[in-house]
Amino acid sequence: MCVFSSFGKKLVTSIMKKIFVCILFLIVLFSCRKSFQTSIISKNEYATNFSIQTQDKQVTIISAGNCVVFPKDYKSKRCVITTTSASAYIDALGEINSIVGVCSPHYFYNPKIKEKIKNQSIEDIGNDATLNFEKILALQPDLIISGHNPTYEKILNQLSKQGIKILYVEEFMELHPLGKTEYLKLFGTVFKQYHKADSLYTFVKKNYEKLKEKASHATTKPTVFTGIMYGDSWYMAGGKSFLATLFKDAGAHYLWQDNKKSGSIPMTFEEVLSKAKNAELWIGTSNFKSKKDLLNGHSNYAWFEAYKSGNVYALNNRENQLQANDYYEYGSIYADKVLSDLIKIIHPEIIPEYELTYLRKLE
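With the working numbering, the residue at position 164 of the sequence shown is 165, and numbering never jumps.
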């Protein structure tokens, strides 16, 4: 009896230990799964300046160095924007009616925005120098989308204290063209249009990749340079810049492609001339309307072979009378069209039927 009793106790103890281990395992497993399910951080393919973390009851967006927490079911219904590019992302997702205020209305190219400003369904809430605190507050927005601007900071902080969400967006800081396109996902999250955003992003990305692949088989790489003089300096795009990436993907030899900077390189006219005098193409001459206008800006531009041969292009094919430019709106989304423009200029035989969207040849 004693032996049986001892054995029984050991058996029960063993079973209890196994049960305890199983329960502990299930608790840990459940906790891990719950943690996985309730905290999902999005992985961007190209964009590096924002991230989205989805949890059980909230969505956290980190963008342009700032963190904003939204309820899980949040959808902006009344927003104020201070940048023109934001209007394009919002319009592309079918949410243009959510915009109730814009900054510097004359900068906007989109005819729908212009019409809403005209009929006052969109209000003018400021300019580059300041924002109208009282007017914004009266509009009762649930969201303000802005870039970092030192003159706005004090007012935006005050508006934040009134319970208005402030989301900073700076897609122009991205170094890859598709990085800008990928901001569709950020706007899709805020406006509850994620599937539409992801679909458009995928469409543009696939087009871009196909075009890049075609350009990679070109047998020549025409030389190209960009920019103009501003005062005493010529700010040339660095070799790791957004523009350098576009030139490379379009099958060109950008003369500063070996430079290691992602920003602009301040140079003298003489420095640029010594390297780019015989370049075949000059792409990106601000918003000049003609070769004559360009020459009026600096008479020595005539020394460049690209000027002499007529291969000069400005980024103003979609610009209205107030010089509002669609490149800075929908051009932020349609990286494939921007690349198409460059390929059409650099290797026209690749897409013979295509007509330029944003770039225009100066006559």
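Ideal placement from N, C-alpha and C gives every residue a C-beta, glycine not left out.
Predicted model only: the values in this text are computed from it and were never measured.
Nearest-angstrom Cα separation, counted from residue j out to residue i
i           : j           : result
residue 228 : residue 353 : 26 angstroms
residue 270 : residue 240 : 19 angstroms
residue 74  : residue 204 : 27 angstroms
residue 224 : residue 281 : 5 angstroms
residue 161 : residue 179 : 31 angstroms
residue 139 : residue 277 : 54 angstroms
residue 52  : residue 142 : 23 angstroms
residue 215 : residue 351 : 7 angstroms
residue 61  : residue 232 : 43 angstroms
residue 136 : residue 117 : 17 angstroms
residue 291 : residue 190 : 42 angstroms
residue 340 : residue 279 : 24 angstroms
residue 188 : residue 199 : 10 angstroms
residue 153 : residue 222 : 44 angstroms
residue 37  : residue 169 : Low confidence applies to residue 37: its pLDDT is 44, below 50, so where it sits in the model is not reliable enough to give any reading.
residue 294 : residue 49  : 38 angstroms
residue 206 : residue 93  : 16 angstroms
residue 211 : residue 310 : 30 angstroms
residue 79  : residue 286 : 38 angstroms
residue 238 : residue 174 : 13 angstroms
residue 132 : residue 263 : 31 angstroms
Simplified DSSP state of residue i, which is helix, strand or coil
i           : result
residue 179 : helix
residue 354 : coil
residue 247 : helix
residue 70  : strand
residue 61  : strand
residue 266 : strand
residue 32  : Residue placement at residue 32 is poorly supported in this model, since its pLDDT is 39, which falls under 50; the coordinates still yield a value, given next. Residue 32 falls in the helix class under three-state DSSP.
residue 362 : strand
residue 127 : strand
residue 85  : helix
residue 38  : At residue 38, the pLDDT of 47 sits below 50, so the modelled position is not reliable; the number obtained from the coordinates is stated separately. Residue state, collapsed to three classes: helix.
residue 55  : strand
residue 93  : helix
residue 75  : coil
residue 254 : strand
residue 288 : coil
residue 271 : helix
residue 210 : helix
residue 326 : strand
Continuous beta strand (DSSP E) stretch holding residue i: start and end
i           : result
residue 159 : Counting along the chain, residue 159 falls outside any beta strand (DSSP E), though it belongs to the alpha helix (DSSP H) covering 154-162.
residue 100 : 100-103
residue 170 : Per DSSP, residue 170 belongs to no beta strand (DSSP E) and is neither H nor E.
residue 97  : Taken as a continuous stretch (DSSP letters only), residue 97 belongs to no beta strand (DSSP E), as it is neither H nor E.
residue 145 : 144-147
residue 238 : 234-238
residue 226 : 224-226
residue 314 : 313-315
Burial state of residue i (16 or more Cβ within 10 Å)
i           : result
residue 348 : buried
residue 130 : exposed
residue 96  : buried
residue 364 : exposed
residue 303 : exposed
residue 323 : exposed
residue 147 : buried
residue 158 : exposed
residue 358 : buried
residue 104 : buried
residue 332 : buried
residue 57  : exposed
residue 261 : exposed
The alpha helix (DSSP H) enclosing residue i, as first and last residue numbers
i           : result
residue 134 : 134-140
residue 310 : 306-310
residue 118 : 112-119
residue 282 : Premise fails: residue 282 lies in the beta strand (DSSP E), 282-284, not in any alpha helix (DSSP H).
residue 47  : It is not in any alpha helix (DSSP H) - residue 47 carries neither H nor E in the DSSP assignment.
residue 297 : 292-298
residue 340 : 336-347
residue 184 : 184-191
Sub-8 angstroms separation of residue i and residue j beta-carbons
i           : j           : result
residue 284 : residue 346 : yes
residue 114 : residue 88  : yes
residue 181 : residue 71  : no
residue 91  : residue 192 : yes
residue 234 : residue 267 : yes
residue 275 : residue 236 : no
residue 325 : residue 209 : no
residue 145 : residue 81  : yes
residue 330 : residue 110 : yes
residue 308 : residue 316 : no
residue 334 : residue 185 : yes
residue 288 : residue 320 : yes
residue 123 : residue 100 : yes
residue 367 : residue 149 : This structure gives no information on residue 367, because the portion of the chain shown stretches from 2 to 364.
residue 172 : residue 46  : no
residue 197 : residue 250 : no
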